Every structure is written in structure tokens, then in C-alpha cells.
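Under my numbering, the residues of the sequence shown are numbered 3 to 98, in order.
The C-beta atom is built at its ideal place from N, Cα and C for all residues, glycine as well.
Nothing here was measured: the structure is a model prediction, and the numbers come from that model.
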Amino acid sequence: MILMDGKALAEKIYSELQEEISKSAKKYRLAVILVGENAVIKKFVEKKKKIGEHIGIDVRVYHFPESISATELRKRIAEIVHEEKNSGVIIQLPLP
């Protein structure tokens, strides 16, 4: 059986990404869409934000209340997706 040091591998990947991002003239921004107040999900989002900032990516969290309607959420997601500054978008699952 082969054992892998996941933490060391992650650090290597982070380091490589950080180097590539620092060489690029482009400014990267990740939009993370979060709905509700689930503490576990919020931890995952905070981890994404921390890692993104560590490697040079601006991570923006768009936090919506659980009470938002599906129609309004779709509208807001469309607006976020079409923002030119956003390089990528994650809809954090599960949705309530």
C-alpha cells in the first residue's frame, strides 16, 4: 500500500499555483455563492477564501439568506456570473 502525505502534496500544489498566478498579469477573482447559515458550509467557504488569498486569488463571498426565493437567487447568480472581474464562480452546495 502506498501512503500519500496529503498535506505536503497540497502545499506543493499551492506553491505551484502561487508561482503561476504571480507571473500572470491577470488578476484572478473567484466568486463563491453561499446561501444560508450552515456552520459547516461556512467553514468550507472560509477555507476556500483563506487558500485563495494565500495563493493570490481575490475570493469574494456572496452570502444570501436562506429565505431568498429561487427566482431571486437565479437572478443574482446570473448577475455574478456576468461580472467581468469574476474569473470563476462556485455555487457552494448543498443549497438549503
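Handout entry: Classification of L5 by the beta-carbon crowding that lies within 10 angstroms, buried from 16 upward
Key = Start at 1 with the first residue of the sequence shown, and residue 5 comes out as number 3. Flag for L5 reads exposed.
Exercise for the section: Can you check DSSP and say which residues form a bridge with D60? Expected result: Residue numbering aside, residue 60 sits at position 58 when the sequence shown is read from its first letter. Note: D60 sits in a beta bridge opposite R31.
Problem - Minimum C-alpha distance to K28 - residue among V47, N40, L75, D60 - result: Start at 1 with the first residue of the sequence shown, and residue 28 comes out as number 26. Comparing Cα-Cα distances from K28 to each of V47, N40, L75, D60, the minimum goes to D60.
Exercise for the section: Kindly indicate which three-state DSSP category L36 falls into: helix, strand or coil? Expected result: Translated into the one-based positions of the sequence shown, residue 36 becomes position 34. Here L36 sits in strand by DSSP.
Practice task
For A33, count neighbouring Cβ atoms within 10 angstroms of its own Cβ and tell me buried if that reaches 16, exposed if not.
Solution key: What you label residue 33 is simply residue 31 of the sequence shown in a count that begins at 1. Looking at its Cβ environment, which holds 16 or more other Cβ atoms inside 10 Å, A33 is buried.
Handout entry: Bounding residues of the alpha helix (DSSP H) (the contiguous stretch that carries I15)
Key = For the purposes of this step, residue 15 is taken as residue 13 along the sequence shown, with counting starting at 1. From DSSP, the alpha helix (DSSP H) with I15 extends over 8 to 25.
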